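Numbering (this note's numbering), first residue to last: 4 to 133.
Each residue gets a CB set at the ideal place from its N, CA and C atoms; glycine is no exception.
All values derive from a computational prediction rather than experimental measurement.
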């Protein structure tokens, strides 16, 4: 799981760098996290066992039993992302499962360079305590 997580972060960082290089020429590039899709990683997690993976194992059991998130989440995210209202939305990390609301009205994301980033913090996802 650690190698997988690091690879995902590296891929997103590549998208950030390519955005900086290509955006001035009119290219938009984004990274989409598909959600908990039933893949070979699910099978590997189940083989490793709960003692080694804890919550990841439990999530893998759930994905296996319920079929995981639908690939339609990704295709719908892409369809929305390439629509005219999202022109200029680039260099971002989008969760197909959780970020659709940002694509319905992309204006706040287009004007806030900190939203939908790997290191994002906003009032909805993160709230200071005390």
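Original post:
If we count Cβ pairs, one from each stretch, closer than 8 Å, do we get three or more for the region 107 to 116 versus the region 47 to 54?
Top reply: Taking 8 Å as the limit for Cβ pairs, the verdict is that the region 47 to 54 does not touch the region 107 to 116.
Original post:
Going by Cα to Cα distance, which pick from 16, 61, 45, 53 is closest to residue 35?
Top reply: For the residues 16, 61, 45, 53, the minimum Cα distance to residue 35 belongs to 16.
Subject >> Coil, strand or helix - residue 98 by DSSP >> reply: If DSSP states are grouped into helix, strand and coil, residue 98 belongs with the strands.
**OP:** Report buried or exposed for residue 57, applying the criterion of at least 16 other Cβ atoms within 10 angstroms of its Cβ.
**Re:** In this structure residue 57 is exposed. Its beta-carbon is surrounded by fewer than 16 other beta-carbon atoms within 10 angstroms.
Original post:
What residue from 77, 41, 75, 73 has the CA that sits closest to residue 60's CA?
Top reply: Taking only the C-alpha atoms, the option nearest residue 60 is 41.
Original post:
With 16 as the cutoff for other CB atoms within 10 Å, does residue 108 come out buried or exposed?
Top reply: So residue 108 counts as exposed.
Subject >> Bounding residues of the alpha helix (DSSP H) (the contiguous stretch that carries residue 58) >> reply: Where residue 58 is concerned, the enclosing alpha helix (DSSP H) stretches over 58 to 69.
Subject >> DSSP-derived helix/strand/coil call for residue 40 >> reply: In the structure shown, residue 40 sits in a strand (DSSP, three-state: E or B).
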